[in-house]
Amino acid sequence: MAEEARLIISDHLDLLANHDFRTLMRVTRLKEDVLKEAVNLIQSLDPRPGQSIQTGEPEYVIPDVLVRKHNGHWTVELNSDSIPRLQINQHYASMCNNARNDDDSQFIRSNLQDAKWLIKSLESRNDTLLRVSRCIVEQQQAFFEQGEEYMKPMVLADIAQAVEMHESTISRVTTQKYLHSPRGIFELKYFFSSHVNTEGGGEASSTAIRALVKKLIAAENPAKPLSDSKLTSLLSEQGIMVARRTVAKYRESLSIPPSNQRKQLV
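Going left to right, the sequence shown walks through residues 4 to 269 as my numbering numbers them.
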């Protein structure tokens with residue numbers, strides 16, 4: 004079988020890449036079952052063997068917010084391990100009253116004021132993060148209960164209005180801030196997505212539509228994979244009206260190749 008696989012790779016890699024199995028069988032004169040075994044062997048190979056010996060250190064994410072379900076309700080709290088614990092050193096604070104001269108006293112008071120301002124700013128930031136996170140979880144409870152297909156459309160303005168803050172504040176507080184939930188760890192910005200109108204007058208989020216596209220492709224017949232046009236038609240049957248180019252964009256964002264490249268021998 005290795006010989007057949009080597010022949011395909013060396014002479015007919017373009018046909019394999021395009022999943023043109025009919026032409027591949029004709030030019031190699033291989034029977035379908037033999038070709039299938041050779042293709043399976045090729046697909047089992049690692050195209051980037053050097054990655055297994057890379058020395059880069061893995062990057063870890065420490066969530067800023069913890070989401071749990073307790074007694075039937077979703078609770079949101081800050082992760083105490085990610086919050087810096089700062090307090091004023093009273094020994095240095097007391098030096099204000101024992102300074103040798105006015106310049107020293109003014110210097111200490113100025114730095115003491117800066118330290119108090121920093122602590123107050125951090126407390127304010129944490130309070131804002133908690134309020135925004137609670138609002139996001141409240142809006143997206145269906146996602147936490149049932150998954151991506153139930154993600155609601157939501158934009159920064161929705162949360163800004165709910166917590167009575169400016170959109171720029173919401174954008175800043177949700178950037179590179181992470182939430183840990185039973186469904187995994189997500190950046191807070193993940194929960195914001197555009198909307199598509201549905202046939203019944205409702206709205207579906209782009210995240211939910213991507214999840215549906217992924218689900219439909221996962222259930223397709225590998226010998227007859229679904230084209231973007233067919234996916235568009237299937238979504239339409241569920242009341243979701245999107246253009247074929249939009250479906251193609253969602254599919255590409257999921258790193259899923261087009262139908263002609265997904266075709267398999269069965």
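Backbone N, C-alpha and C define an ideal beta-carbon position, used for all residues, glycine too.
It should be emphasised that the depicted structure is a prediction, and the values quoted were computed from it without experimental measurement.
C-alpha distance - residue i paired with residue j, whole-angstrom precision
{"i": "residue 195", "j": "residue 159", "result": "7 angstroms"}
{"i": "residue 100", "j": "residue 108", "result": "7 angstroms"}
{"i": "residue 165", "j": "residue 67", "result": "21 angstroms"}
{"i": "residue 245", "j": "residue 146", "result": "22 angstroms"}
{"i": "residue 255", "j": "residue 203", "result": "27 angstroms"}
{"i": "residue 188", "j": "residue 181", "result": "7 angstroms"}
{"i": "residue 251", "j": "residue 225", "result": "18 angstroms"}
{"i": "residue 37", "j": "residue 11", "result": "12 angstroms"}
{"i": "residue 71", "j": "residue 177", "result": "19 angstroms"}
{"i": "residue 191", "j": "residue 207", "result": "19 angstroms"}
{"i": "residue 24", "j": "residue 248", "result": "27 angstroms"}
{"i": "residue 129", "j": "residue 119", "result": "16 angstroms"}
{"i": "residue 228", "j": "residue 217", "result": "12 angstroms"}
{"i": "residue 61", "j": "residue 199", "result": "37 angstroms"}
{"i": "residue 52", "j": "residue 131", "result": "46 angstroms"}
{"i": "residue 230", "j": "residue 157", "result": "29 angstroms"}
{"i": "residue 81", "j": "residue 133", "result": "7 angstroms"}
{"i": "residue 221", "j": "residue 17", "result": "25 angstroms"}
Simplified DSSP state of residue i, which is helix, strand or coil
{"i": "residue 222", "result": "coil"}
{"i": "residue 193", "result": "helix"}
{"i": "residue 187", "result": "strand"}
{"i": "residue 243", "result": "strand"}
{"i": "residue 267", "result": "coil"}
{"i": "residue 67", "result": "coil"}
{"i": "residue 43", "result": "helix"}
{"i": "residue 90", "result": "coil"}
{"i": "residue 203", "result": "coil"}
{"i": "residue 102", "result": "coil"}
{"i": "residue 49", "result": "coil"}
{"i": "residue 258", "result": "coil"}
{"i": "residue 217", "result": "helix"}
{"i": "residue 230", "result": "coil"}
{"i": "residue 252", "result": "helix"}
Range of the contiguous beta strand (DSSP E) that encloses residue i
{"i": "residue 290", "result": "No answer is possible for residue 290: it lies beyond the span of the chain, which begins at 4 and ends at 269."}
Start-to-end residues for the alpha helix (DSSP H) that takes in residue i
{"i": "residue 176", "result": "170 to 177"}
{"i": "residue 30", "result": "24 to 31"}
{"i": "residue 94", "result": "93 to 96"}
{"i": "residue 200", "result": "It is not in any alpha helix (DSSP H) - residue 200 instead sits in the beta strand (DSSP E) that spans 198 to 200."}
{"i": "residue 125", "result": "105 to 142"}
{"i": "residue 62", "result": "Counting along the chain, residue 62 falls outside any alpha helix (DSSP H), and DSSP gives it neither H nor E."}
{"i": "residue 13", "result": "5 to 14"}
{"i": "residue 159", "result": "159 to 166"}
Identified DSSP bridge partners for residue i
{"i": "residue 2", "result": "An answer regarding residue 2 cannot be provided, because it is not within the stretch 4 to 269 covered by the chain."}
{"i": "residue 181", "result": "190"}
{"i": "residue 154", "result": "Bridge partners of residue 154: none, in fact."}
- Task: Mind the definition here: the region 33 to 46 touches the region 7 to 14 only if three or more C-beta pairs lie below 8 angstroms; say whether that holds.
- Result: yes
- Message: Closer than 8 angstroms is the cut-off here; do at least three beta carbon pairs connect the region 114 to 125 with the region 68 to 82?
- Response: no
- Mind the definition here: the region 137 to 153 touches the region 22 to 41 only if three or more C-beta pairs lie below 8 angstroms; say whether that holds. no
- Message: Could you check whether the region 86 to 102 touches the region 209 to 224, counting it as contact only if at least three pairs of C-beta atoms, one from each stretch, sit closer than 8 angstroms?
- Response: no
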